[in-house]
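Visitor:
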Amino acid sequence: MKVKKDIENVEDVHLMVDTFYAKVRANETIGVIFNTVIKNRWAEHIEKLTRFWQTVLLNQYTYQGAPFQPHSVMPLKAEHFNIWVSIFHSNIDEHFEGPKAEEAKIRATNMAKMFENKIAYIQENNMAEHNSLKEYLNTVKS
Numbered sequence: 001m002k003v004k005k006d007i008e009n010v011e012d013v014h015l016m017v018d019t020f021y022a023k024v025r026a027n028e029t030i031g032v033i034f035n036t037v038i039k040n041r042w043a044e045h046i047e048k049l050t051r052f053w054q055t056v057l058l059n060q061y062t063y064q065g066a067p068f069q070p071h072s073v074m075p076l077k078a079e080h081f082n083i084w085v086s087i088f089h090s091n092i093d094e095h096f097e098g099p100k101a102e103e104a105k106i107r108a109t110n111m112a113k114m115f116e117n118k119i120a121y122i123q124e125n126n127m128a129e130h131n132s133l134k135e136y137l138n139t140v141k142s
């Protein structure tokens, strides 16, 4: 049995992010959404999310950005967030244990709920500024 430790450094954060997104990519429900949006930019995405979680969990301020905006135009529903959170929690439990590991699960759950609520609001209200952002992101991805 593998001995687990807490999330202590950027190498741990990278392991957390890399193994998590490998599972996301392989998931039949949410993998297709992420793979369609990210395409062949997974290495860049993993690096960006490693910096995000390094900032969140280790208080090492290496991430600059607005994580919600790209997600705001994705066709995500509650079921997608539930799967995302489930994969996140099981991945943490597979690799880590300790206060930071628990903090990561709490923060991921809270972030997913916030994103879910904001996206549902946008989708229900068909907000024009987000439609413009979606059009812009589609031109950038091309």
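At position 73 of the sequence shown the residue is numbered 73 (our numbering), and the sequence of numbers has no breaks.
Beta carbons are placed, not taken as given, at the ideal position from N, Cα and C, and that holds for glycine.
On a predicted model such as this, the values are computed, not experimentally measured, just so you know.
#1: Just the C-alpha distance for Glu79 and Glu102, rounded to the nearest angstrom, thanks.
#2: Would the stretch 65-76 and the stretch 10-27 be scored as touching if the rule is three or more Cβ pairs under 8 Å?
#3: For Ile7 and Thr36, I'd like the C-alpha separation in whole angstroms.
#4: Measure from the alpha carbon of Asn59 to the alpha carbon of each residue in Ala104, Ile38, Phe81, Met114, then state which is nearest.
#5: On the premise that Lys4 lies in contact with His95, defined as a C-beta separation below 8 Å, what is that separation, rounded to the nearest angstrom?
#6: For Ile83, collect the residues of the same chain with a Cβ closer than 8 Å to its Cβ; drop the 5 residues on either side in sequence, then sort them by chain order.
#7: On a Cα-Cα basis, can you pick out the residue from Val10, Phe115, Val32 that is closest to Ala49?
#8: Give the single residue among Ala43, Arg51, Lys77 whose Cα lies nearest to the Cα of Ala66.
#9: Exposed or buried, what is Gln54 when buried is set at 16 or more other beta-carbons lying within 10 Å of its beta-carbon?
#10: Taking the beta carbon of Lys39 as the centre, do at least 16 other beta carbons fall within 10 Å, making it buried, or is it exposed?
Guide: In terms of the structure at hand:
#1: Looking at the two C-alpha atoms, the distance is approximately 23 Å.
#2: Because the criterion of three Cβ pairs below 8 Å is not met, the stretch 65-76 and the stretch 10-27 do not touch.
#3: Annotation: Ile7 to Thr36 spans about 30 Å, alpha carbon to alpha carbon.
#4: Comparing Cα positions, the closest option is Ala104.
#5: Sure, about 7 Å apart at Cβ, within 8 Å.
#6: Around Ile83, the same chain offers Asn27, Thr29, Ile30 as residues with beta carbons nearer than 8 Å, after the five sequence neighbours per side are excluded.
#7: According to the sequence shown, residue 49 is Leu rather than Ala. Proximity to Leu49 across Val10, Phe115, Val32 peaks at Val10, based on C-alpha coordinates.
#8: The residue among Ala43, Arg51, Lys77 with its C-alpha nearest the C-alpha of Ala66 is Arg51.
#9: Gln54 should be labelled buried.
#10: A residue is called buried when at least 16 other Cβ atoms come within 10 angstroms of its Cβ; Lys39 does not meet this threshold and is exposed.
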